[in-house]
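>
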Amino acid sequence: MKRIVLFLVPAAALFLSYRSEGQTSTVKDELVKAQSLAKQGNTIEASKVYTEIMKKYPDNREAVQGWLMINMKRSPTGEEDAIYQLEELEKSYPNNTGILFFKIFIQTEYKHYDDAMAKVDRLITIQPDTALNWLMKGQILESVNKYEEALNAYNKATTLDPKNADAWQNLAGLLEKQINLKKLFFHITEQFNLLLINPFLYIIGDAHTAAKEIMQMPSLISEKQFQ
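Dropping the structure here:
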């Protein structure tokens, strides 16, 4: 499973990874301004710009991310501090989905899966058509070994955003981890003389179709065994 990294990569890459949909030029300009202030060491003014974006654009994730990168402590208790900071921030911006998203992210990274799952379900209720939310849900489910539910979440993410490489990678990885698709293909064809999976489905990344065929394999194998 490819996990999303928050604090250990350059800021520019982070903003590309978490770019919010439908950003206006005004928002982009404000984000650039905040990043520039932060690079100059003017974190107080940068934080003000980020919070203004949060106020005007409650679904913008980059502003929350940038604010966190300035204000979160790099320490063994960084996770607790980040959650506290976000909860305090949420008091001022209670309907900000970006804050909610990063609370989920941090709780997932530190393995607080029950809390993260409750929050991601809430976020999906608010934003059911955002692929990143379903990707996050899939990661949580996969982390607690709920593979079938994770598969459904990843499938939903790829349906909503077919160009989301992380969603496809996690989906393909889960398929391989769950049933080991490549080895299983050769095993089935050799042992049962039964072509159940088109090997090209895995190669070309058609995980949706592969998943459907995989789910049918146990019954198909049983039928073949008792013929």
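Just so you know, we're using numbering that gives the first Met the number 0 here: the sequence shown kicks off at 0 and counts up by one. We treat Cβ as the ideally placed atom computed from N, Cα and C, and that holds for glycine.
From N95 to E148, what distance separates their C-alpha atoms?
If you take the alpha carbons of N95 and E148, they lie about 27 Å apart.
> Measuring only the C-alpha atoms, how far is K176 from Y146?
Each residue's Cα considered, the two are about 9 Å apart.
> If you measure between the beta carbons of I103 and L131, is that distance less than 8 Å?
No. Outside cutoff.
> At the level of alpha carbons, what is the spacing between Q138 and A33?
Roughly 30 Å between the two C-alpha positions.
> If you draw a straight line from the C-alpha of K55 to the C-alpha of G97, how long is it?
Cα-Cα distance, rounded: 12 Å.
> Using 10 angstroms around the beta-carbon of K51, count the other beta-carbons present and answer buried if the total reaches 16, otherwise exposed.
Note that residue 51 is Glu in the sequence shown here, rather than Lys. Counting Cβ neighbours within 10 Å, E51 comes out exposed, since fewer than 16 surround it.
> Got a sec, what are the start and stop residues for the alpha helix (DSSP H) V275 sits in?
There is simply no residue 275 to check, as the chain begins at 0 and stops at 226 in what is shown.
> Specify, as a first and last residue, the run of the alpha helix (DSSP H) that N154 falls within.
That run of the alpha helix (DSSP H) goes 146-159.
> Taking only the alpha-carbon atoms, compute the straight-line gap between M53 and L150 and give it to the nearest angstrom.
Between M53 and L150, the C-alpha separation is close to 32 Å.
> Output yes or no for whether 8 Å exceeds the beta carbon distance between A164 and Y153.
No. Outside cutoff.
> Assuming M135 contacts T107 (C-beta within less than 8 Å), just tell me the rounded distance between them.
7 Å between Cβ atoms; contact.
> If we count the other Cβ atoms within 10 Å of its Cβ and call it buried at 16 or more, is D28 buried or exposed?
Classification for D28: exposed.
> Out of curiosity, what's the CA-to-CA distance linking E87 and N169?
Going by the C-alpha atoms only, they are around 33 Å apart.
> Considering only the beta carbon of each residue, do P57 and Y92 sit closer than 8 Å?
Result yes, Cβ atoms of P57 and Y92 sit closer than 8 Å.
> So, with DSSP's three-state summary, where would you put T129?
Looking at T129 - three-state DSSP - the assignment turns out to be coil, as it is neither helix nor strand.
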